[in-house]
Amino acid sequence: MAHQIIQPEGWAPAKGYANGVLAADGHLFVGGQIGWTVDQKFEAHDFIGQMVQALRNIRAVVEAAGGTPEDIVRLTWYVTDKAEYLAAQADVGRAYREVMGRHFPAMAMVVVSALVEDEAKVEIEATAVLSKA
Numbered sequence: 001m002a003h004q005i006i007q008p009e010g011w012a013p014a015k016g017y018a019n020g021v022l023a024a025d026g027h028l029f030v031g032g033q034i035g036w037t038v039d040q041k042f043e044a045h046d047f048i049g050q051m052v053q054a055l056r057n058i059r060a061v062v063e064a065a066g067g068t069p070e071d072i073v074r075l076t077w078y079v080t081d082k083a084e085y086l087a088a089q090a091d092v093g094r095a096y097r098e099v100m101g102r103h104f105p106a107m108a109m110v111v112v113s114a115l116v117e118d119e120a121k122v123e124i125e126a127t128a129v130l131s132k133a
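Numbered as in the numbering used here, the sequence shown ends at 133 without a single skipped number.
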């Protein structure tokens, strides 16, 4: 098989997209994750809370594919409020390390006018490279 769809156990079904796609060569592409729970509900309404949940979601997809956060090689962040992100930078670093440890892959930050889910303040997509076992 050329690729495998990755869906963490217990997550609400993805509609019209995949949460993760694992290629035969070990490249894992994690679709944009936002700050909602496995039931697709927002429990956090602030930037840091949603960022932490989005990173937890990425971690869950990577782990469901058999990887670890250290396998992540790229993160692309989409934020709706640059000023809110900049004002929270110290908290961003602390919260990031809490979920991902001290692993810092290549990253890009893009400011967007809105995300598809109106309540979302951040969306993060990832690429990981898992060793073929």
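For every residue, glycine included, the Cβ atom is placed at its ideal position computed from N, Cα and C.
Since we're looking at a predicted model, the values are computed, not measured.
- Note on Met51: 16 or more other CB atoms within 10 angstroms of its CB, so buried under the neighbour-count rule.
- For the pair Glu63 and Ala23, the Cα-to-Cα distance works out to about 15 Å.
- By the neighbour-count criterion, in which 16 or more other beta carbons inside 10 Å mark a residue as buried, Phe104 falls on the exposed side.
- Look at Gly93 here: in three-state DSSP terms it is helix.
- In the DSSP assignment, the residues bridged to Tyr78 are Val110, Glu123.
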